[in-house]
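Enquirer: The structure follows.
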């Protein structure tokens, strides 16, 4: 499948039966039509005017697709770890495979004290539970208490050098089940960047890769999920963004399963392309002990967001997840000082005054 | 008023009208009878068999008592800061008076980089709000959305030396109001100790002072609030206590207002007596960089508890409190490591294996 496409092989609306070739859309279709015949995947259309809703959430197809998601996530974890290890050139990821007493398990991979990476983790988990925890059902009260299945890859990288930003990415798949009712599934994910010393070129690159990953799914996707990222990674009690954003989405089931799955693959696959060039450009920038201290204070904000607001962290802790895997996201060395602030007019003050401001990086770059 | 008494001047049941002198209880009374005449305080009885409930929550008496609580809290803040400053001998508390846009304000006092105290704060706050936040009404759904008034003193001390424990204390007064209904008030508070290198003598001393402060209010008070402290300061996702406990209570309105107020005064006043002798005994113990590092990792647990579970922190952040005053509780330098554990058999391992175990320190000491 060519990179950048969304897997359009042959296309037919499963509802109206019309076949289409290539990525041509028939008159009256407001969205792409997808069909991958022959590999067992049933593919539905999005927004075919003849069908307002096409359900493909039925029967054995569900478990088959869960397996496909799982296979993708395990492979994604492998590829990301390999790319980061190669770049670091010193430390290796150490793997801990674990099982969860209440159901499921995971494959945690952690890197520490590398040449570039001070602490980071790329975790795969697949957990089951009898009742969806409040952090996952807060926005969907109708699902409270349903049995659930959750799969995901989640990563956080904390480099030593304050000139190399911290990065986070996550792709996840949820299924909420109840006897006698159709399972409800959704995807979530995204990636976001947290610099300590902002560089416009890096912010633009990061957002450009995000936009390109979204483009095949509609021109409105990047702006919507970019805005959601700004809203989500907001430290309310500081009235301050956690970083310079990127993409965030959750509760994604407005598209059919295969479009959604193709979308999270596009996001997952884009991470290395978004992050690595920034690491390569900044890893050799010299830094002072004062700049390192600044990074440690800023890391305090990262901890505040993750422990007070982050839905993934709270979901993990509330659902009896593996604490060490969940909290691998916390930075290695952190400072808090009373009413700590950067010197007015300093490069450090510019971080919050200019970079952490929910900017439209691509529009400002004239893209 | 003699130390250790609960302010028994002359006593008369406001319901049955019987007068009593000294601290004699009339036959049939299962609890103390309190009355402070002449200073405007109306005092009710607790558990007089002639009256199952005596309400004194009415009219102007309420606001007058709020003033009395406020005056006590401001004085308590002064006394604690003076005692700690004298002991530290180097740094001074710096005061920030602040107002809260939504109503109320406070007096934050912070000490940093002292001889003994690396970072600490003793904060007074008095805030008002239109709707009680979820952290305060979670256990009292009938009060959700009521207007509220909250007064308190809250302190946390993080010493440099890992042999000196971190200490926390808090006393607070809440009033939830609704037009046309009686205001509902309650007190909360307590103090608890978080050592890095445990010493039995210190744990016993800490709990002995706690028990003595509770004793005039009934023999069951210390064991109940000691147990509540163990339950409350529990880091669920680690299945580990935050420290060696002390006292914790909340929703205290089972006694009349004056008994309750006398009780929180006893707790507030006991803090310095509980903490200072421990600081004095341990402040000169030499320590290694490794012991300091251990302290920084353990401080990570403190952050986890405060940001994920602590009702006071969440109440403050949810009610639009002053972030810097609320988060002064966070330690100055903190570490996290993936799956970080103390060496088996080490002094460090003994902290969790022996000290952080919800022990009955006084019973073990034969007291």
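Chains as they are written, first to last, in this note's numbering: chain C, 93 to 459; chain Z, 93 to 459.
All residues carry an ideal CB built from backbone N, CA and C; glycine is no exception.
Can you list, in chain order, the residues of its chain whose CB lies under 8 angstroms from that of residue 345 of chain Z, leaving out five sequence neighbours each side?
Expert: Locating residue 345 of chain Z in the second chain gives position 253, where the first residue counts as 1. Around residue 345 of chain Z: 276, 277, 278, 279, 352.
Enquirer: Could you give the first and the last residue of the continuous beta strand (DSSP E) run that contains residue 203 of chain Z?
Expert: Here residue 203 of chain Z corresponds to residue number 111 of the second chain, with the count starting at 1. Note, residue 203 of chain Z: beta strand (DSSP E), 196 to 204.
Enquirer: Which of the residues in the stretch 218 to 251 of chain Z, read from start to end, lie with their CB under 8 angstroms from any CB of chain C?
Expert: For the stretch 218 to 251 of chain Z, which is checked against every Cβ of chain C, not one residue is closer than 8 angstroms.
Enquirer: Could you tell me which chain A residues have their CB closer than 7 angstroms to the CB of residue 427 of chain C, listed as they occur along the chain?
Expert: Structure shown: chain A not included; protein chains present are C and Z.
Enquirer: Is DSSP giving residue 217 of chain Z helix, strand or coil here?
Expert: By 1-based counting over the second chain, the position of residue 217 of chain Z is 125. In this structure, residue 217 of chain Z counts as strand in the three-state DSSP scheme.
Enquirer: Can you give me the C-alpha to C-alpha distance between residue 419 of chain C and residue 176 of chain Z, rounded to a whole angstrom?
Expert: Taking the first residue of the first chain as position 1, residue 419 of chain C is located at position 327. Taking the first residue of the second chain as position 1, residue 176 of chain Z is located at position 84. Using only the alpha carbons, I get a separation of about 35 angstroms.
Enquirer: Compute the Euclidean distance between the alpha carbons of residue 179 of chain C and residue 375 of chain C, then round it to the nearest angstrom.
Expert: Stepping through the first chain from its first residue, residue 179 of chain C is reached at position 87. Stepping through the first chain from its first residue, residue 375 of chain C is reached at position 283. Using only the alpha carbons, I get a separation of about 10 angstroms.
Enquirer: Can you pull out the residues from the stretch 322 to 340 of chain C whose beta carbon lies closer than 8 angstroms to at least one beta carbon of chain Z?
Expert: The residues in question are 328, 329, 330.
Enquirer: State the start and end residues of the unbroken beta strand (DSSP E) segment that holds residue 239 of chain C.
Expert: Counting from 1 along the first chain, the entry for residue 239 of chain C is found at position 147. Unbroken beta strand (DSSP E) run through residue 239 of chain C: 239 to 251.
Enquirer: Please report the Cβ distance between residue 201 of chain C and residue 187 of chain C, rounded to the nearest whole angstrom; I am assuming they are in contact, meaning their Cβ atoms lie under 8 angstroms.
Expert: Taking the first residue of the first chain as position 1, residue 201 of chain C is located at position 109. Taking the first residue of the first chain as position 1, residue 187 of chain C is located at position 95. The Cβ separation is near 5 angstroms, so the contact holds.
Enquirer: How about residue 170 of chain C: is its C-beta nearer than 7 angstroms to some C-beta of chain Z?
Expert: Within the first chain, numbered from 1, the residue matching residue 170 of chain C stands at position 78. Cβ-Cβ to chain Z under 7 angstroms: no for residue 170 of chain C.
Enquirer: Whose C-alpha, out of C/361, C/267, C/262, C/249, is nearest the C-alpha of residue 349 of chain C?
Expert: As a first step, residue 349 of chain C is located in the first chain; it is residue number 257 there, counting from the start. The shortest C-alpha separation from residue 349 of chain C is found at C/267.
Enquirer: What does the Cβ neighbour count give for residue 298 of chain Z, buried or exposed, with the cut at 16 atoms within 10 Å?
Expert: Counting from one through the second chain, the residue named residue 298 of chain Z turns up at place 206. With 16 or more other Cβ atoms within 10 Å, it is buried.
Enquirer: In this structure, how does DSSP classify residue 402 of chain C when only helix, strand and coil are distinguished?
Expert: Numbered from 1 along the first chain, position 310 holds the residue referred to as residue 402 of chain C. If DSSP states are grouped into helix, strand and coil, residue 402 of chain C belongs with coil.
Enquirer: In the stretch 428 to 448 of chain C, which residues sit with their C-beta less than 8 angstroms from some C-beta in chain Z, listed in chain order?
Expert: Result list: 428, 429, 430, 431.
Enquirer: Which residue from Z/332, Z/341, Z/328 puts its Cα closest to that of residue 314 of chain Z?
Expert: Stepping through the second chain from its first residue, residue 314 of chain Z is reached at position 222. Taking only the C-alpha atoms, the option nearest residue 314 of chain Z is Z/341.
Enquirer: Along chain Z, which residues have their Cβ under 9 angstroms away from the Cβ of residue 213 of chain C?
Expert: Taking the first chain and counting its residues from 1, the one referred to as residue 213 of chain C is at position 121. The answer, in chain order, is 430.
Enquirer: Indicate whether residue 212 of chain Z and residue 252 of chain Z have their beta-carbon atoms separated by less than 7 angstroms.
Expert: Along the second chain, one-based indexing puts residue 212 of chain Z at 120. Along the second chain, one-based indexing puts residue 252 of chain Z at 160. Cβ distance not < 7 angstroms, so residue 212 of chain Z and residue 252 of chain Z don't count as in contact.
Enquirer: At 9 angstroms on the CB atoms, spell out the chain C contacts of residue 204 of chain Z, in chain order.
Expert: By 1-based counting over the second chain, the position of residue 204 of chain Z is 112. The contacting residues are 429, 430.
Enquirer: Is there a Cβ of chain Z sitting closer than 7 angstroms to that of residue 399 of chain C, yes or no?
Expert: To locate residue 399 of chain C, count along the first chain from 1; it is residue 307. With 7 angstroms as the cut-off, residue 399 of chain C counts as an interface residue toward chain Z.
Enquirer: Please state whether the Cβ-Cβ distance between residue 411 of chain C and residue 221 of chain C is less than 7 angstroms.
Expert: For the purposes of this step, residue 411 of chain C is taken as the residue at position 319 of the first chain. For the purposes of this step, residue 221 of chain C is taken as the residue at position 129 of the first chain. In this structure, residue 221 of chain C lies closer than 7 angstroms to residue 411 of chain C by Cβ.
Enquirer: List the residues of chain C whose Cβ lies closer than 7 angstroms to the Cβ of residue 415 of chain Z, in chain order.
Expert: Reading the second chain from its first residue, position 323 is the one you call residue 415 of chain Z. What residue 415 of chain Z touches in chain C: 329, 330.
Enquirer: May I have a chain-ordered list of the alpha helix (DSSP H) segments no shorter than 4 residues that lie completely inside the stretch 270 to 321 of chain C?
Expert: The qualifying runs are 292 to 306.
Enquirer: Closer than 8 angstroms by beta-carbon distance: list the chain Z residues that pair up with residue 166 of chain C, in chain order.
Expert: On the first chain, residue 166 of chain C is found 74 positions in, with the first residue counted as 1. Those within 8 angstroms of residue 166 of chain C in chain Z number zero; the least Cβ separation is about 20 angstroms.
Enquirer: Determine the DSSP secondary structure at residue 433 of chain C, reduced to helix, strand or coil.
Expert: Against the first chain, residue 433 of chain C aligns to sequence position 341. DSSP places residue 433 of chain C in coil when its eight states are reduced to three.
Enquirer: By the three-class DSSP mapping on this structure, what secondary structure does residue 210 of chain C have?
Expert: Against the first chain, residue 210 of chain C aligns to sequence position 118. In this structure, residue 210 of chain C counts as strand in the three-state DSSP scheme.
Enquirer: What residues from chain Z crowd round residue 466 of chain C, counting only those whose CB sits closer than 7 angstroms?
Expert: Residue 466 of chain C is absent from the model: chain C starts at 93 and stops at 459.
Enquirer: When you compare each of C/455, C/326, C/444 to residue 288 of chain C by their alpha carbons, which one comes out closest?
Expert: Numbered from 1 along the first chain, position 196 holds the residue referred to as residue 288 of chain C. Looking at the Cα atoms, C/444 is the closest of the given residues.
Enquirer: For residue 135 of chain C, which three-state DSSP category applies?
Expert: One-based indexing of the first chain puts residue 135 of chain C at position 43. For residue 135 of chain C, the pLDDT reaches just 33, beneath the cut-off of 50, and the residue's location in the model is therefore unreliable, although a value from the coordinates is still provided. Three-state DSSP puts residue 135 of chain C in coil, outside helix and strand.
Enquirer: Between the stretch 311 to 329 of chain C and the stretch 365 to 375 of chain C, do three or more beta carbon pairs fall short of 8 angstroms?
Expert: No: fewer than three Cβ pairs fall under 8 angstroms.
Enquirer: Can you find a CB in chain C that lies within less than 7 angstroms of the CB of residue 409 of chain Z?
Expert: The residue you call residue 409 of chain Z lines up with position 317 of the second chain. Closer than 7 angstroms: yes.
Enquirer: To the nearest angstrom, how far is it from the Cα of residue 379 of chain Z to the Cα of residue 398 of chain Z?
Expert: Walking along the second chain from the start, residue 379 of chain Z turns up at place 287. Walking along the second chain from the start, residue 398 of chain Z turns up at place 306. Rounded to the nearest angstrom, the two C-alpha atoms are 26 angstroms apart.
Enquirer: So who's on the other strand from residue 327 of chain C, going by DSSP bridges?
Expert: Walking along the first chain from the start, residue 327 of chain C turns up at place 235. The partner list for residue 327 of chain C (beta bridge, DSSP) reads C/332.
Enquirer: On the CB-based measure, 16 or more other CB atoms within 10 Å of its CB, does residue 448 of chain C come out buried or exposed?
Expert: Start at 1 with the first residue of the first chain, and residue 448 of chain C comes out as number 356. By the neighbour-count rule (16 or more Cβ atoms within 10 Å), residue 448 of chain C is buried.
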